[in-house]
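Here's the structure we're looking at; comments come further down.
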Amino acid sequence: MNKVEAMLMKLPTVFGWIRYKDEEVFISVNYEATKKANKPMVDVHYCATEALNNKILFTCQYDKSKFKPSLIDNKKAPPISERG
Numbered sequence: 012m013n014k015v016e017a018m019l020m021k022l023p024t025v026f027g028w029i030r031y032k033d034e035e036v037f038i039s040v041n042y043e044a045t046k047k048a049n050k051p052m053v054d055v056h057y058c059a060t061e062a063l064n065n066k067i068l069f070t071c072q073y074d075k076s077k078f079k080p081s082l083i084d085n086k087k088a089p090p091i092s093e094r095g
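Numbering-wise, our numbering puts 51 at position 40 of the sequence shown, and it's gapless, one number per residue.
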């Protein structure tokens, strides 16, 4: 396993829903940007369909302080009406 692959293996997801600055977004790993920056880089998408169609809102470095587990994937998430 090379250094880039080892770095990406530490991410909580490589293709899925996640919270970014209190917004639900879909991310996918950007291997080429990660390799170039030598830091874990992800593409941020509005939804899974746009991710599959490669429509990227922006690319940014993965940072634990800005990315949190998604309420969409969390089976214990409160109902939408209670999320506020």
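Each residue gets a CB set at the ideal place from its N, CA and C atoms; glycine is no exception.
Contacts around residue i, its chain only, beta-carbon distance under 8 Å, and the 5 residues preceding and following it disregarded
i: Arg30; result: Val36, Phe78, Lys79, Pro80, Ser81, Leu82
i: Thr24; result: Ile38
Nearest-angstrom beta carbon gap, residue j and residue i [assumed within contact, 8 Å]
i: Thr70; j: Asn41; result: 5 Å
Member of the options whose CA lies at the smallest distance from the CA of residue i
i: Val15; options: Cys58, Asp33, Ala44, Ala62; result: Ala44
i: Asn65; options: Met20, Glu34, Phe26; result: Phe26
i: Lys47; options: Met20, Met12, Gln72; result: Gln72
Residues sharing a beta bridge with residue i, DSSP
i: Ser39; result: Phe26, Asp54
i: Tyr73; result: For Tyr73, which the question treats as bridged, DSSP gives no partner whatsoever.
i: Lys79; result: Arg30
Close-in-space but distant-in-sequence residues of the same chain around residue i (CB under 6 Å, 5 per side omitted)
i: Cys58; result: Phe37
i: Ala62; result: Phe37, Ser39, His56
i: Met18; result: Pro51
Per-residue burial, residue i [other beta carbons within 10 Å of its own, 16 or more giving buried]
i: Asp54; result: buried
Cβ-based neighbour list, residue i, same chain, cut-off 7 Å, excluding 5 preceding and 5 following
i: Trp28; result: Glu35, Phe37, Ser81, Ile83, Asp84
i: Leu68; result: Val55, His56, Tyr57
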